[in-house]
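Q:
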Amino acid sequence: MKAAPCFPALATFLVALVSVPRAVCTSTSPSLQFDPDTISPCVMWEDNANDLVCEDVRENWGITPEEFSEWNPSVGLDCKPWRIQSYCVVPLKRLPVTTTSSQTSKTTTTTSTSSTSTLGPSPTSWSSLGCYTDENPKYSALKQRLSDAAGDKNLTIAACQDTCYKASFIFAGVKAGKECWCSDNVLGDLAVNATDCNIPCTGDKTSMCGGSKRLNVFEPVDDFWNEDVAETTAQMESGQPTAVSDTDSSASLHSRGGCMSILLLITLGYFELMLL
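As numbered in mature numbering (1 follows the signal peptide of the UniProt record, and there is no 0), residues -25 to -1, 1 to 251 make up the sequence shown, in order.
(1) Pull up the DSSP beta-bridge partners for TYR107, would you.
(2) Can you look up LYS150 in the DSSP assignment and give me helix, strand or coil?
(3) Over the uninterrupted beta strand (DSSP E) stretch that includes TYR62, give me the two end residues.
(4) For GLU21, does the count of other Cβ atoms within 10 angstroms reach 16, so buried, or fall short, so exposed?
(5) With distances taken Cα to Cα, identify the nearest neighbour of GLY152 among ASN25, SER2, LEU67 and CYS106.
(6) Compute the beta-carbon to beta-carbon distance between TRP57 and VAL50, rounded to the nearest angstrom, for a pair I have assumed lies under 8 Å.
(7) Using the Cα positions of ASP123 and LEU130, report the straight-line distance between them to the nearest angstrom.
(8) Tell me, which residues are paired with TRP156 by DSSP?
(9) What are the boundary residues of the alpha helix (DSSP H) that includes THR138?
(10) Could you have a look at CYS54 and say whether DSSP puts it in helix, strand or coil?
(11) How many whole angstroms separate the CB atoms of GLU194 and ILE145, which I take to be in contact at a CB cut-off of 8 Å?
(12) Can you tell which of ASP53, GLU30, CYS184 and ASN25 has its C-alpha closest to the C-alpha of GLN60?
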């Protein structure tokens, strides 16, 4: 039985991992080169670009030496070798999961059923990241093709996005008018000309589904991040204290493609203490 990741809990889960203020360079995709054998999918990466200490990274993220080496095979239990590259600190399997089960009994027969909660409906709002080059078959911009080898005769952008989301991937991409690709990170480069993505979708001739060796890439809009921030701001302005536990937090932490500072979380915490 495969448990589905609880994506709305990602932000609070990451905040709960952090206990001390420190400057980090963390993102949902690797900014530097990384070990191709790194665990996949990985939803949070740390870039060793600022003289980070391996042991500190493991401690700050609450990772055991065995876990860190399992997720990042290029690093031993003794933290060696420690190279200037990106390392996975939160694989998808480490996110909170929810499961449900039910059992029905009768006099003569007993039927047991188990079910696992699935992801909610695919996000209705997606953000376009642009037209990406995809010319090297060994290093595709998005790593996994979910459409048939012959292509999808009824491909639409929305259908591909829904497919990738339900498969627990972060990014969705359409290519050559008939191909759907998914990944937890984007490795390609933006095309010089966005108009290279000019092949109509087989299932929607009014939309462009990439081009020849070109991918239109999309990611879901993180509405839960905006909602959490709005709620926290309203609570602080009204003077109402916010309960904080190991599994919940008054502020959600999100980073996409760049560095973020945990000091923001600590600052919010100080403001809340002053209001108590």
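Each residue gets a CB set at the ideal place from its N, CA and C atoms; glycine is no exception.
A: In this structure, then:
(1) As a working note, residue 107 is residue 132 in the sequence shown. In the DSSP output, where bridge partners are listed per residue, TYR107 has LEU165 and LEU190.
(2) Within the sequence shown, numbered from 1, the residue matching residue 150 stands at position 175. DSSP places LYS150 in strand when its eight states are reduced to three.
(3) In the sequence shown, counting from the first residue as 1, residue 62 sits at position 87. Where TYR62 is concerned, the enclosing beta strand (DSSP E) stretches over 61 to 66.
(4) Working through the sequence shown from its first residue, we reach residue 21 at position 46. Classification for GLU21: buried.
(5) Here residue 152 is taken as the residue at index 177 of the sequence shown, counted from 1. Considering only alpha carbons, the answer is CYS106.
(6) Reading the sequence shown from its first residue, position 82 is the one you call residue 57. Reading the sequence shown from its first residue, position 75 is the one you call residue 50. Yes, they are in contact, since the Cβ atoms of TRP57 and VAL50 sit about 7 Å apart, within 8 Å.
(7) Position 148 of the sequence shown, counted from the start, is the residue given in the question as residue 123. Position 155 of the sequence shown, counted from the start, is the residue given in the question as residue 130. The alpha-carbon atoms of ASP123 and LEU130 are separated by roughly 11 Å.
(8) On the sequence shown, position 181 is the one that residue 156 refers to. Answer is ARG120 and GLY148, bridged to TRP156.
(9) Your numbering for residue 138 matches position 163 in the sequence shown. Unbroken alpha helix (DSSP H) run through THR138: 132 to 141.
(10) For the purposes of this step, residue 54 is taken as residue 79 along the sequence shown, with counting starting at 1. In this structure, CYS54 counts as coil in the three-state DSSP scheme.
(11) Counting from one through the sequence shown, the residue named residue 194 turns up at place 219. Counting from one through the sequence shown, the residue named residue 145 turns up at place 170. Right, their Cβ atoms sit about 6 Å apart.
(12) Within the sequence shown, residue 60 is the residue found at index 85, counting from 1. It is ASN25 whose Cα lies nearest to the Cα of GLN60.
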